[in-house]
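Each remark here refers to the structure printed beneath this line.
Now the structure itself:
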């Protein structure tokens, strides 16, 4: 039956039995009357009809009438006794028809409906799973069910929709969507229940349909509403194996694999989700590679699988799930989950054996076993040793182990075989490098040469200091009344240059070159010139393999013999961890297992303190401060004695070479290489730790190193400005040379002049007379160098072929100018050669920086090439410019620089070529010979200058013993009482004339400048020029022409250097020249 019937059909069905109960057939008076019929809407499957044929006129019964009955489309049959019954009728419309066989009679029909299906209703909810408070429910009836009052919901207790469980209906929400057929209601779910369900079901037998069928509850007449307000979680799982490790005293979970088939991930939800696999895939972020769908069972939309593809051989994979776009079936979002990180690594761990030196004098060797990443199961049995015995085995970190060996004499071989240990991902190790360490004894030649150099230099320094102190004491009591500049300083007596050259050999130890043992040990014994010693607070020997921390917990030590374990090895394990077994993050995987900074790149390693540069800094700067501070205190003490002691009040201001701060300038330039090396080591070490070892460095270290570099730059800039403004532009100093015209020389003399310089007599003068003491103060910067010259007194002219009458005359001068200008080319050369001291300072500073910047145990061509280039340039500069006044000093410096060029050239060859032990020994001896040649030339020149100075302390300048006696008296003046000073001073001979002072090679000093200045200030220029001419005429015995160059008020005459002219000179000429020099000296020294 249909669900919908028009209302008029019901009325029609009620009238049909009445209309059809009497049927007239045509014009006949006979008709059929239904006596019994079923209801128009019947819920019975059987039907009984009773009928009779009546005559309308007589109202009588027609007994002879035959009736034919027919039900629907079935076969008609004869109805006997006016009855017809039917059973098992189907539901639907039925038609019963009765007809007679008489001609002209018609048929009578009856229509009814059979409905045996009870009415029911379908209950549906807007959602079966929810977390909200209200759920909408729709009720749809199969047919109108209006009997008995129909469907209604007046209150919670009077509602045909029942709710069982954590909920109830809301009567006020009752709505009729379609009359008698469709309704809606809201069901309220309890707010106090987190998880449960509510059953919404129709009531029983509360209404009937038109056929009288009572309402029957069907399975669809109820619905389950699942209430779930719990959080939904997702769990990201992988097939990568897990392992618990101790990291920084905490137990952590590590996931790592080298199997590509294990790179699968699964997402497990605590409740089914509504998203598809593709949508979930788009919500996953992977750090490396890509994800592919894995066709696996979803377990009711609870599990989703994916495969990882397109990754490198070593990857730290981090999987992050974005849960905001995931919706569960109850309509809630999935709670965020922590990312999953694991390591995929198929690279086998390499291992490098390292040590602090491939050659050592120690019996105990420390070998560092450094893996590129942490390994597990590595112990002392995995190490192969030949030529020594295992002393102890230390586990510093999982990737770093230290082995202490007791080495035999000769070679020690250490190696690690492959496949003896594994990394965290299961990869077996590769074979290590084959480490070969040579143990040697201290070479005798190195000890002898270093001892000789040290002893001779100390003796020379003591002698020079003794003469300097004694001379200053004698000058302070007025012993020397004439010009005594040679007693203040001598260009040849330059300890600064000697010590500077020794420093070059000492600093070459730190160049990135594998030096021969003989030279290395020799240079190590010269480290007192840096200086470089262990500081007092270093109570125990430096352990080069100390580390600051151990991220893998306890340090395991296996001792085969008693050994001292380093103090900075890993502390014991602290089992207290913040979260037991918490997984590692990506940065922690990078730090602990795959950090690029862990890869060993050399066979040498230094401890963290040593690498940071602080140890080097302390060892150098501490002793530099102690030594320089002690010397400065001694200098101050001597100055106090000279100034406040019991001295001649008129002469107490003369301090000679002890004038402050001449000695301090000496110390500053001597300390520049050490300062540069210490600051470079400090900065380089901290950068190395921060960028390579990932340990980090203190910013204070970089700040200290930078401050020291700034100090060095200020000193060099001050030197450059002093040379440029004070000398080049002539604002402070003026250099003058005596030029002799018309002289000819033999070929060997010309060769000497071209190589060692002309050897002209020259002097430095300060332009401002009151400040002439600065000539002594700043003397170490220029006193032995030639400057941009002005010619003084172009005097003796002549040559080999000239007769004595023309050779022994004074050249006439047409003008009366003060000075004769030097030629332009000589001025240019003079400007350039004065920068030799600046060039030398730059070279020494550069050597200090390179020695500190480069790791000495790692070969590098850069520092050797730089120093070879700079030293070669300086040697060429010296040969071309000839900057020194003295030929002797020029020769000594040429020898020294040549030896240093050969030294750096040998270092370059050592970088390019591998030598055998025997050839290396020969090379080391050759380098020692280079030092001896240089050092002997320097020390001989110094002792000769000291000998000359000792003779100068004799008034007759003949006996060095008398000079030494006077020096001893000058030294004792510091300690004897005042009452004895006058008696002792009276016994000293007064040097007032100095007969032969100018017959030797000297450079001028501050005293001579003062005498000259006083003369020029007190005597008109014309007067003293006339005196010169008159003395010259009287000396030669006839009229001579006089070359009349002048000098400024601040210009002092330094005399003539007795250069040999070609040809033989007569004794008469020599005596007259000597007489002329004495007279000129007397004039220049007088007021």
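Residue numbers (mature numbering (1 follows the signal peptide of the UniProt record, and there is no 0)): -27 to -1, 1 to 1060. A virtual CB, placed ideally from N, CA and C, is assigned to each residue, including glycine. Here the structure is a predicted model, which means the values were calculated and not measured.
Exercise. Which whole-angstrom value describes the C-beta separation of residue 45 and residue 68, a residue pair presumed to lie in contact below a C-beta threshold of 8 Å?
Worked result: Sure, about 6 Å apart at Cβ, within 8 Å.
Exercise. So residue 756 packs on residue 735, CB below 8 Å; how close in whole Å?
Worked result: No, residue 756 and residue 735 are not in contact; Cβ-Cβ is about 11 Å, not under 8 Å.
Problem set entry | Beta-carbon proximity check, residue 393 vs residue 361, cutoff 8 Å | No.
Problem set entry | C-alpha distance - residue 280 paired with residue 272, whole-angstrom precision | Their backbone Cα atoms lie some 18 Å apart in a straight line.
For this session: Could you pull out every unbroken alpha helix (DSSP H) segment of at least 4 residues lying fully inside the stretch 314 to 365, listed in chain order?
Result: Entirely contained in the stretch 314 to 365, not one alpha helix (DSSP H) run reaches 4 residues.
For this session: With a 10 Å radius around its C-beta and 16 neighbouring C-beta atoms as the bar for buried, classify residue 322 as buried or exposed.
Result: So residue 322 counts as buried.
For this session: Sort 891, 114, 242 by Cα distance to residue 188 and report the nearest one.
Result: Looking at the Cα atoms, 114 is the closest of the given residues.
For this session: Mark residue 341 as exposed unless 16 or more other C-beta atoms lie within 10 angstroms of its C-beta, in which case mark it buried.
Result: Counting Cβ neighbours within 10 Å, residue 341 comes out buried, since at least 16 surround it.
Exercise. If we ignore side chains and look at the alpha-carbon of each, how far apart do residue 1079 and residue 198 end up?
Worked result: Examination of residue 1079 is not possible in this model, given that the chain is present from -27 through 1060 alone.
Exercise. With C-beta atoms as the reference, is residue 124 less than 8 Å away from residue 111?
Worked result: Residue 111 is positioned such that its CB atom lies no closer than 8 Å to that of residue 124.
Problem set entry | Whole-angstrom C-beta distance between residue 484 and residue 823, which should lie under 8 Å | With a Cβ gap of about 7 Å, residue 823 and residue 484 count as contacting.
For this session: Classify residue 1028 as buried or exposed, calling it buried when 16 or more other Cβ atoms lie within 10 Å of its own Cβ.
Result: For residue 1028, the predicted model reports a pLDDT of 33, less than 50, meaning its position is unreliable and no value from the coordinates is stated.
For this session: Have a look at the DSSP bridge pairing and note the partners of residue 199.
Result: Residue 199 is bridged to 102, 170.
Exercise. In or out: residue 474 buried (at least 16 other Cβ within 10 Å) or exposed?
Worked result: Result: buried.
For this session: Verify the contact flag: residue 497, CB atom, against every heavy atom of the ligand GDP, threshold strictly below 7 Å.
Result: By its list of ligands, the structure shown contains no ligand whatsoever, and the ligand GDP lies outside what it can speak to.
Problem set entry | Helix, strand or coil at residue 561 [DSSP, three-state] | Helix.
For this session: Report all residues from its chain with a CB closer than 6 Å to the CB of residue 447; omit the five preceding and five following residues, and keep chain order.
Result: Within the same chain, residue 447 has close Cβ partners 943.
Problem set entry | Simplified DSSP state of residue 881, which is helix, strand or coil | Note: residue 881 maps to helix in three-state DSSP.
Exercise. Less than 8 Å separating the beta-carbons of residue 632 and residue 749?
Worked result: With respect to the 8 Å criterion, residue 632 and residue 749 are classified as neighbours on the basis of their beta carbons.
Problem set entry | Limits of the beta strand (DSSP E) - the one that residue 736 falls within | Here the beta strand (DSSP E) through residue 736 covers 735 to 739.
Exercise. Buried or exposed: which applies to residue 980, given that a residue is buried once 16 or more other Cβ atoms fall within 10 Å of its Cβ?
Worked result: Because residue 980 sits at a pLDDT of 37, beneath the cut-off of 50, its placement in the model cannot be relied upon, and the following sentence gives the value as read from the coordinates. That one is buried.
Exercise. On the three-state DSSP scale, how would you describe residue 482?
Worked result: In this structure, residue 482 counts as helix in the three-state DSSP scheme.
For this session: Compare the Cα-Cα distances from residue 52 to each of 37, 821, 63, 688 and report the closest residue.
Result: Measuring from the Cα of residue 52, the nearest candidate turns out to be 37.
Problem set entry | Straight-line Cα distance separating residue 93 from residue 41 | Across the structure, residue 41 and residue 93 are spaced so that their CA atoms are roughly 40 Å apart.
Exercise. Whose CA, out of 355, 758, 299, lies closest to the CA of residue 700?
Worked result: Check the Cα spacing between residue 700 and each of 355, 758, 299: the tightest is with 758.
Exercise. Does the beta-carbon distance from residue 108 to residue 150 come in below 8 Å?
Worked result: The Cβ atoms of residue 108 and residue 150 lie no closer than 8 Å to each other.
Exercise. Residue 229 lies in the beta strand (DSSP E); which residues open and close that run?
Worked result: Per DSSP, residue 229 is one residue of the beta strand (DSSP E) stretching across 223 to 230.
Exercise. Can you give the Cα-Cα distance for residue 891 and residue 816, rounded to whole angstroms?
Worked result: Between residue 891 and residue 816, the alpha-carbon positions lie close to 33 Å from each other.
Problem set entry | Beta-carbon proximity check, residue 337 vs residue 295, cutoff 8 Å | Not in contact: residue 337 and residue 295 (Cβ atoms no closer than 8 Å).
For this session: Drop a sphere of 10 angstroms on the beta-carbon of residue 66, count the other beta-carbons inside from all chains shown, and report buried for 16 or more, exposed for fewer.
Result: Using a 10 angstroms sphere on the CB of residue 66, the tally of other CB atoms stays under 16, which defines it as exposed.
Exercise. How would you call residue 649, buried or exposed, if buried means at least 16 neighbouring beta carbons within 10 angstroms?
Worked result: Buried.
For this session: Tell me whether the beta-carbon of residue 213 lies closer than 8 Å to the beta-carbon of residue 235.
Result: Taking 8 Å as the Cβ cut-off, residue 213 and residue 235 qualify as a contacting pair.
Exercise. Which residues mark the beginning and the end of the alpha helix (DSSP H) in which residue 686 is found?
Worked result: Annotation: the continuous alpha helix (DSSP H) that includes residue 686 extends over 672 to 694.
For this session: State the start and end residues of the unbroken beta strand (DSSP E) segment that holds residue 85.
Result: Residues 80 to 87.
Exercise. Which stretch, first to last residue, makes up the beta strand (DSSP E) that contains residue 134?
Worked result: Judged by DSSP secondary structure, residue 134 falls within the beta strand (DSSP E) whose first and last residues are 134 to 138.
For this session: Using alpha carbons as the reference points, say which of 22, 912, 190 lies closest to residue 84.
Result: Closest option to residue 84, Cα to Cα, is 22.
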